[in-house]
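Undergrad: One structure coming up, written as structure tokens, with questions to follow.
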Amino acid sequence: MQYARMRVDERDSIAARAGGSNFTADTIRGLQSEKPGQPLVWILGGDQLAGFTTWSRWEWLAGQMEIAVCARPGSMAERAEQAEKAIVAPGGRVHHIAMAQDSVSSTALRAAIARGESIAGLVSESVREYIVNRHLYH
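Here's what the structure looks like:
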């Protein structure tokens with residue numbers, strides 16, 4: 010049996026620490042240059058899928074990677090469905106991951122951190138430490 014291998018890319022946290030930002034398209038281009046020909050899958054929540062067509066270079070992105078969507082409570086299903094249709098129309102691929110839904114979104118985590126609030130209780134302690142130690146969502 011072969012298991013999927015995942016890698017968390019830290020370009021966003023590196024860019025944030027330097028006072029900049031890193032668009033998803035920049036991350037994908039970097040990964041493509043480091044691992045030519047390696048298939049890429051971007052995992053996101055339904056709430057992020059709903060806004061995917063507002064992302065920088067989203068049409069290019071849809072052709073460069075497959076998208077795996079985790080269902081989320083209240084994830085703007087109609088907007089997510091419209092975004093999925095826009096992604097799939099030119100040949101993009103979207104997969105839905107069957108899993109227990111989690112009510113905590115990365116958007117909510119970012120907002121709590123931006124307000125200086127603790128995220129303890131929103132995520133496990135190991136995830137909280139990972140986010141804090143890598144200065145994610147700042």
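The sequence shown runs 10 to 147 under my numbering. A virtual CB, placed ideally from N, CA and C, is assigned to each residue, including glycine. Bear in mind the structure is a predicted one, so any value in this text is a computation, not a measurement.
Is Gly101 buried or exposed, if buried means 16 or more other CB atoms sit within 10 Å of its CB?
TA: By the 10 Å Cβ count, Gly101 comes out buried.
Undergrad: Please list, in chain order, all residues of the same chain as Glu75 whose beta carbon is under 6 Å from its beta carbon, the five residues on each side excluded.
TA: So the list reads Val50 and Arg102, once near-sequence residues are dropped.
Undergrad: Look up His147 in the DSSP assignment and say whether it is helix, strand or coil.
TA: Three-state DSSP puts His147 in coil, outside helix and strand.
Undergrad: Within the region 73-127, note down every full beta strand (DSSP E) run reaching 3 residues or more, in order along the chain.
TA: Runs found: 75-79 and 103-106.
Undergrad: Starting from Val50 and walking both ways along the alpha helix (DSSP H), at which residues does that stretch end?
TA: Unbroken run through Val50 is the beta strand (DSSP E), Val50 to Gly54; no alpha helix (DSSP H).
Undergrad: Have a look at the DSSP bridge pairing and note the partners of Ala129.
TA: Ala129 pairs with Val132.
Undergrad: Along the alpha helix (DSSP H) that carries Thr36, what are the first and last residues, could you check?
TA: Residues Thr33 to Glu43.
Undergrad: Quick one: grab the DSSP three-state call for Gln57.
TA: Correct three-state label for Gln57: helix.
Undergrad: Output yes or no for whether 8 Å exceeds the beta carbon distance between Ala92 and Leu70.
TA: No, they are not a contact pair.
Undergrad: Contact check, Ile122 vs Tyr146 under 8 Å by CB: the rounded distance?
TA: That belief holds up - the Cβ atoms of Ile122 and Tyr146 are roughly 5 Å apart, short of 8 Å.
Undergrad: Looking only at C-alpha atoms, which of Ile52, Thr36 and Glu43 sits nearest to His104?
TA: Measuring from the Cα of His104, the nearest candidate turns out to be Ile52.
Undergrad: How long is the line joining the alpha carbons of Asn142 and Ala98, rounded to whole angstroms?
TA: Between Asn142 and Ala98, the C-alpha separation is close to 40 Å.
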